[in-house]
Amino acid sequence: MGENVEDYKLIFEKEGVYLHTNAKRSIQETSIPGFIRIVERAGQPALEWSPLEDEGRSAPAVLYSKKDGEGGEEDTNFDPGYEPDWAVISTVKKDREHAPMKDSGQWAFSLPLSELYSLRRARFSLGRNFMVLTSRGGHPLPPLHFHRGGTRELLRALHRYIVLDQSPVDGRLFLVYPRDSSSADFGPSFDKLHILDDGSDIVTRFIHDPYATTFGGFSKVTNFFRAALRPPEAAVMRGAQDPGLPSQPDDEPGFELITCGVELGPRPKVTRGQALVQWEEFLDSEGRVKDPEKVKDLVFRGGVTPNLRKEVWKFLLGFYPWKSTSKEREEILRFKTDEYFRMKVQWKSVSEEQEMRNSLLRGYRSLIERDVNRTDRNNTFFSGNDNPGLTLLHDVLMTYCMYNFDLGYVQGMSDLLSPILFVTQNEVESFWCLTGFMDLVHQNFEESQEAMKQQLLQLSILLKALDPELCDFLDSQDSGSLCFCFRWLLIWFKREFSFEDILTLWEVLWTRLPCDNFHLLIACSILESQRGELIGSDHDFNTILKHINELTMKLDLQSVLLEAEVIYRQLVGCKDLPRQVKQVLGLCGPPSPAEESPDSQSSETERLLGQAEGGAASSHVPSCP
C-alpha cells in the first residue's frame, strides 16, 4: 500500500470474503475472492475490501485478529473450489490456486466507518453468511459473502468504533452510530442484538466446510454433533452419570435405548420387478387412473420406462391428481401455466435500481447464477455456455424464489431440479414438479436444520437395530454421528449415483412405498454394504469420511434398492421391534405425552417385553403395542 507504517494500522483482516458482482447477463464467475480489513489511517478507522491478487499491501502489526470458530484453527489450505459447501467432502488442495478475475481490482473499496450508515447480516439456509453495507449517501456496496465464516469476529472488531441499533422497521437491518470513545455507554450488546450467531452449530459448520471442520482442529467432531443433536437437559443428566456407563433410556426423552439384544430374524428373499411400460391400460375412458396404488407398486418395484416418465412423474409429484380426467388436466395445465408466468414476471420486472435495495433477492440471484453454471454440465441438456437448458434452470429457480420467498434458493436445489427439467423438458411442468418434490424435502433446506438432525438420529436408530457391531465400530472412530451421510439425505443421493440411476431412484422414492423413510433404509443398505471394508480396518474418522465419499458412482442401484427392501421386511417382521424403530418406519405414531413421561417409560418397556412372544409385526400396524 505504500503508506508510512506509523500512519497505517491493520486492526482486523479476514481472507475468504467474496464480493459478488451480480453480472446478471454474463456467464463468467461473478464471485471475487478477497480480504476484508479494518484499518486505521492517520487514526481514522475504515472498512476495506480488496481482491486476493492484491499482494502489494504492507504488513503492519495486527492489533485484532482471530481465526474462525470458537478457538479452533482454520485449515488455510482448504479450498472448496467450484462446489457447493455441503458437497465438498474429499477435495483438499495442498496449494491454493486462484484464477484472478480480469479487472477485479475495480471492485476494491475503502469506506470510512464515519460514513457507514447500516449493515444487514443474513444467512442462506445451509449457505454462507453474507453482509450488505450501506453508506450514508444511501449507496449499498455489493454483498460480501463470508465463505469461511468470520462475520462474528468482524462485528466484534467493529464494536470498538461503532454502536449498532436494530431498525424499528426491519428486524434484520442494523443502523450504525459512531462510538464516543470517552463514553462508558457502549450501547446495545451485539449479543443481545442476535447478530453474532455465526453458525457455530457443528452441523452447520460441517455443511459449510466439511474437510476444514474435520481436519481444522475438530478431532472429536462427533462429540460436537452429539451435543447439537441432544436436548440441553439431556447433557446435564449425562454429566451426573458415570461416563463409563452406556446411556439410559431417560437420558434422551423420546428415544429408548436400542441394544444388540433384539433378534431380527433371517432376512427374507425379495425380487425386483420390471419397469412400468404400459400406461394407457391404467386409464379409464375419461382418462382417470383406475388403480393408483397398483401403478405406485409397479413403479416401486421397477421404476418407469423412459418414454413414460414425462407423464407419470407429473402424477407422482402432484402436478396432476391421480383421479383427474383428461379434460380436468387440460384445465389444470392452463391454470398452472398462467400462475407460473405471473410469478416469473414478478422477478423479471424488477429493475436494477430496485434490486440494489433488495439484498435478499440479489443474494438468491447470485447463488442461482453460480449453481446453474456448475449443475450437471456433463449432461448434454445442460452442456455448453449458450445452452437453453441453463436458461430454463435459472428461470425456474428464480421463479421458485417468488413462489416460496421465505425459503428462497438454497444450494442443492439446482440438483433437485435438473433431472426433472431433463425429463419434462418444459419450463412450466418442471416448476410445478419441483414444488411437489420440495413439498417432500423442503425441511432439509430450512435454516434451523432440525429436519436434518432428526434424520441423522433416525438413521442412527435404524442402524443400531440392524448392525450394532458396525455402530460400535463407527462410535469407536468418532463416526457414530453418521455426519458423512448428510449429503445423501440432503439431496436424496443425487451425487452418489449416475444421472440415469437417479431418475430411477427418485421415482421409486416418490411412491412413498413401503414407508416415507425408505431413503433412510437406502442409506442403511449402502452402509451395510461397506461393513467389511470398515470393520477391522485401520480407518479413523477422516479416512471413513473419505472412503464413504469415494463411493460416488461406484454403487449398484438395483442391489442397493433390493437390500433396502430386504431390510424393511426384516424389521417389520421382528416381533419385538423397539418402538423408536417402528416410529421411523411409520408403523406407529409418536408417543402420547403420558407415554413420554418418566413414570410411563418403565411400564412401556415391560409391555414391549411382555408381548415379545406375540406374532410377527404387520407392515400396516396402526399403532405401537
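Quick note: the sequence shown uses our numbering, first residue -11, plus one each step. Heads up, the beta-carbon is just placed ideally off N, CA and C, and yes, glycines get one too. Just so it is clear, the structure is predicted and the values come from calculations on it, not from any experiment.
Counting of Cβ neighbours within 10 angstroms places methionine 541 among the exposed residues, the total staying below 16. In this structure, the CA atom of glutamate 1 is about 46 Å from the CA atom of leucine 509. With a 10 Å radius around the Cβ and a threshold of 16 neighbouring Cβ atoms, glutamine 342 comes out exposed.
Inter-segment contact for the segment 273 to 282 and the segment 310 to 317 is present: three or more beta-carbon pairs are separated by less than 8 Å. The criterion of a C-beta distance shorter than 9 Å is not satisfied by leucine 477 and leucine 451. The way I'd put it, the segment 565 to 579 doesn't touch the segment 511 to 525; fewer than three beta-carbon pairs between them come closer than 8 Å.
Leucine 152 and leucine 565 have their alpha carbons spaced roughly 55 Å apart. Between the segment 254 to 263 and the segment 281 to 299, the count of Cβ pairs shorter than 8 Å is three or higher; the stretches touch. DSSP places aspartate 153 in the strand class (E or B) of the three-state scheme.
As computed with DSSP, serine 106 is found in a beta bridge with Thr122, Leu163. About 5 Å separates the beta carbons of threonine 325 and valine 416, which is inside the 8 Å limit, making them a contact pair. Between alanine 96 and the set Arg124, Ile24, Phe162, the nearest pair of CA atoms involves Ile24.
For arginine 358, the closest alpha carbon among the candidates Leu422, Gln32, Ala552, Met386 is that of Met386.
Using a 10 angstroms sphere on the CB of glutamine 437, the tally of other CB atoms reaches 16 or more, which defines it as buried.
A contact between stretches requires three or more CB pairs, one per stretch, nearer than 8 Å, and the segment 426 to 443 meets this requirement with the segment 393 to 406. The Cβ neighbour count for leucine 559, taken over all protein chains shown within 10 Å, is at least 16; the residue is labelled buried. CA-CA distance, aspartate 272 to lysine 302, rounds to 18 Å. Its Cα nearest to that of leucine 501, the residue Val283 stands out among Asp394, Leu539, Lys332, Val283. No Cβ-Cβ contact shorter than 9 Å links isoleucine 408 with leucine 545. The alpha helix (DSSP H) runs lying completely inside the segment 503 to 561 and spanning 4 residues or more are 506 to 517, 519 to 522, 529 to 537, 545 to 560, given in chain order. Residues Met541 of the same chain have their beta carbon placed closer than 7 Å to that of serine 486, with the five preceding and five following residues left out of the count. Counting along the chain, valine 411 sits inside the alpha helix (DSSP H) bounded by residues 401 to 412. The Cβ atoms of glutamate 3 and leucine 35 do not sit closer than 9 Å to each other.
Listed as beta-bridge partners of glycine 22 by DSSP are Val5, Pro39. Look at the beta carbons and you see the segment 118 to 137 touching the segment 343 to 356: at least three pairs across the two are nearer than 8 Å. With a threshold of 16 other beta carbon atoms within 10 Å, arginine 108 meets it and is buried. A straight line joining the alpha-carbon of glycine 125 with that of leucine 378 spans about 38 Å.
A Cβ-Cβ separation of about 5 Å places glutamate 553 in contact with valine 258 under the 8 Å criterion. Within 10 angstroms of the beta-carbon of proline 33 lie 16 or more other beta-carbons, which makes it buried. The closest CA to that of cysteine 473, considering only Tyr556, Glu538, Thr368, is found on Glu538. Beta-carbon to beta-carbon, isoleucine 20 and tyrosine 6 are separated by about 6 Å, close enough to satisfy the 8 Å threshold. With respect to the C-alpha of glutamate 551, the residue from Ile514, Leu355, Asp455 having the closest C-alpha is Ile514. In the structure shown, serine 418 adopts helical secondary structure according to DSSP, grouped into three states. Taking the C-beta atoms as reference points, leucine 161 is found nearer than 9 Å to serine 106. When secondary structure is reduced to three states using DSSP, histidine 382 falls in the helix class. Burial is judged here by how many other beta carbons sit within 10 angstroms of a residue's own beta carbon; glycine 577 has fewer than 16 and is exposed.
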